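Asker: Have a look at this one.
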Amino acid sequence: MFHTFLIKYGEIGVKGKNRHLFEDALIRQIRFALKDLDGAFAIRKEQGRIFVDASEDFDEDEVIAKLKTVFGIVGFCPVMQTEKKDIPALIEDVVRYVRQVHGDAQKTFKMNVRRADKDFPSTSMELNCEIADVLLDTFPNLSVDVHEPDIMLTVEIRNEVSVYSEIIPGPGGMPVGTAGKAMLLLSGGIDSPVAGYMVAKRGVMIDAVYFHAPPYTSERAKNKVIDLARILSTYTGPIRLHIVNFTEVQLYLHEHCPDDELTILMRRYMMRIAEHFAKESEALGLVTGESIGQVASQTMQSMLVTNEVCTLPVYRPLVGFDKNEIISVAEKIGTYETSIQPFEDCCTIFVAKHPVTKPRLDVIRRSEDKVAEAIAPLVEQAVKETEILVVR
11 MFHTFLIKYG EIGVKGKNRH LFEDALIRQI RFALKDLDGA FAIRKEQGRI FVDASEDFDE
71 DEVIAKLKTV FGIVGFCPVM QTEKKDIPAL IEDVVRYVRQ VHGDAQKTFK MNVRRADKDF
131 PSTSMELNCE IADVLLDTFP NLSVDVHEPD IMLTVEIRNE VSVYSEIIPG PGGMPVGTAG
191 KAMLLLSGGI DSPVAGYMVA KRGVMIDAVY FHAPPYTSER AKNKVIDLAR ILSTYTGPIR
251 LHIVNFTEVQ LYLHEHCPDD ELTILMRRYM MRIAEHFAKE SEALGLVTGE SIGQVASQTM
311 QSMLVTNEVC TLPVYRPLVG FDKNEIISVA EKIGTYETSI QPFEDCCTIF VAKHPVTKPR
371 LDVIRRSEDK VAEAIAPLVE QAVKETEILV VR
């Protein structure tokens, strides 16, 4: 087991003069991800590389699991680091690494020497050949394949020598916090947690709002959403979850509005309330799990009518996904099994029998105007009594 991990990033590397800001943000996220684990961790930045050094008592599996949740990491490598020495000593270190990691396994390999220190004797190509010759003599089970090798054996010569052959995939994207904040409309379904994950992957911090309708929805439905926020926070960091009691607003709409318009009108009030909390938390937009045509409220016409009440942008990262694609991501990030628990949310309890799929904005406005005065204090009360939890 090695005690150092080399962190590989992607887009950060092309950020030009701002690159150091994104590297520093990534380091903060790595430090946050590892802070509750056993062992001590030192994170350092050297010559365009980020390294995580672990103490003797760390749990490798736990560290790997945590690093897999840090946006901005494309991949990471357990590395053997040694002092920079002469060529024979370098080759001896590489032989020791291969013996420890790959042993007698019958494999093909390719050498990949990166000589960032140009004062080190021999070129990268010469070192590739010298090291490969010794490995072939030392390990009869190894053979060279430069096209599709089993092992890509990398040796980086910088201030120190790093030897590695395994790249563990990370989630990619950008470090959380580098792209502002957004308010996620989080339901108990499959889609909205995936939408939160997708937008957080682009560096966006996430707060969330959940619309609860007791007694029509149970405490188990509420706890299910809290569980989803907790899983999501593994990737996003702590989430401020706003739990809105939406019952009175929904009941009034249900009793006083045309049945086929109920879903659209309900969504418009949800967006208003979500935007209220978004502005309070200085978020730059709303995020929903909508996908074009998936249900009646997610047609292009319905989205247009829903958007009309918002002054902030509404981001829909799943807008072009089909259901199978959304489920695939949900399974990958660990939200799917929680999302499919059979607890109703407020959208399904008060669903219209035959919802309008192509609502007209002028018609919806007229219906809304008729209830606006009476429903305003109900909305105000729902906002005032909202419960806020910090989920982590």
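Just so you know, the working numbering puts the end of the sequence shown at 402, numbered straight through with nothing missing.
Using N, Cα and C, we set each Cβ at its ideal position, and we do this for glycine too.
All of these numbers come straight from a predicted model, not from anything done at the bench.
1) Whole angstroms is fine: what's the gap from Lys76's alpha carbon to Pro181's?
2) How is the alpha helix (DSSP H) around Ser349 delimited, first residue to last?
3) Is it buried or exposed for Gln308, if we count other Cβ within 10 angstroms and need 16 for buried?
4) Compare the C-alpha of Phe51 against each of Phe81, Pro323 and Glu72 and name the closest.
5) So does the stretch 88-98 actually touch the stretch 39-59, counting three or more Cβ pairs closer than 8 Å?
6) Quick check: what's the CA-CA separation for Glu271 versus Asn255?
7) Ordered along the chain, which non-local residues of its own chain (more than five positions away) have a Cβ less than 7 Å from that of Tyr407?
8) Give a yes or no on whether the C-beta atoms belonging to Arg250 and Ala218 are separated by under 9 Å.
9) Could you check which residue in Phe130, Lys368, Thr133 and Arg326 has the C-alpha nearest to that of Leu296?
10) Distance, Cα to Cα, Ile60 vs Arg125?
11) Sort Phe42, Glu140 and Phe149 by Cα distance to Asp114 and report the nearest one.
12) Per DSSP, which one or two residues make a beta bridge with Lys55?
13) Exposed or buried, Gln260, counting other C-beta atoms within 10 Å across all chains shown (16 or more means buried)?
14) Ignoring anything shorter than 3 residues or poking outside the stretch 94-154, list the beta strand (DSSP E) runs there in chain order.
15) For Thr177, which of helix, strand or coil comes out of DSSP?
16) Please report the residue range of the beta strand (DSSP E) in which Leu251 lies.
17) Which whole runs of the alpha helix (DSSP H) in the stretch 300-345 are 4 residues long or more, in chain order?
Answerer: Concretely, from the data shown:
1) One-based indexing of the sequence shown puts residue 76 at position 66. One-based indexing of the sequence shown puts residue 181 at position 171. In a straight line, the C-alpha of Lys76 is about 11 Å away from that of Pro181.
2) Locating residue 349 in the sequence shown gives position 339, where the first residue counts as 1. First-last of the alpha helix (DSSP H) with Ser349: Tyr346 to Ser349.
3) One-based indexing of the sequence shown puts residue 308 at position 298. Looking at its Cβ environment, which holds 16 or more other Cβ atoms inside 10 Å, Gln308 is buried.
4) As a first step, residue 51 is located in the sequence shown; it is residue number 41 there, counting from the start. The option with the nearest alpha carbon to Phe51 is Glu72.
5) no
6) The count along the sequence shown starts at 1 and reaches residue 271 at position 261. The count along the sequence shown starts at 1 and reaches residue 255 at position 245. Each residue's Cα considered, the two are about 21 Å apart.
7) Coverage of the chain is limited to positions 11 through 402, which leaves residue 407 absent and any answer about it impossible.
8) Translated into the one-based positions of the sequence shown, residue 250 becomes position 240. Translated into the one-based positions of the sequence shown, residue 218 becomes position 208. Yes, these two residues count as a Cβ contact at 9 Å.
9) On the sequence shown, position 286 is the one that residue 296 refers to. Leu296 has its Cα closest to that of Arg326, out of Phe130, Lys368, Thr133 and Arg326.
10) Sequence index remark: in the sequence shown, residue 60 carries index 50 (1-based). Sequence index remark: in the sequence shown, residue 125 carries index 115 (1-based). Those two C-alpha atoms are separated by around 17 Å.
11) Residue numbering aside, residue 114 sits at position 104 when the sequence shown is read from its first letter. The shortest Cα separation from Asp114 among Phe42, Glu140 and Phe149 belongs to Phe149.
12) The sequence position of residue 55 within the sequence shown is 45, counting from 1. Lys55 pairs with Ile60.
13) Position 250 of the sequence shown holds residue 260. Flag for Gln260 reads buried.
14) 117-125 and 152-154
15) Position 167 of the sequence shown, counted from the first residue, corresponds to residue 177. The displayed chain sequence assigns Ile, not Thr, to residue 177. Reduced to three states, the DSSP call for Ile177 is coil.
16) Here the question's residue 251 lines up with position 241 in the sequence shown. Here the beta strand (DSSP E) through Leu251 covers Ile249 to Asn255.
17) 310-317 and 333-343
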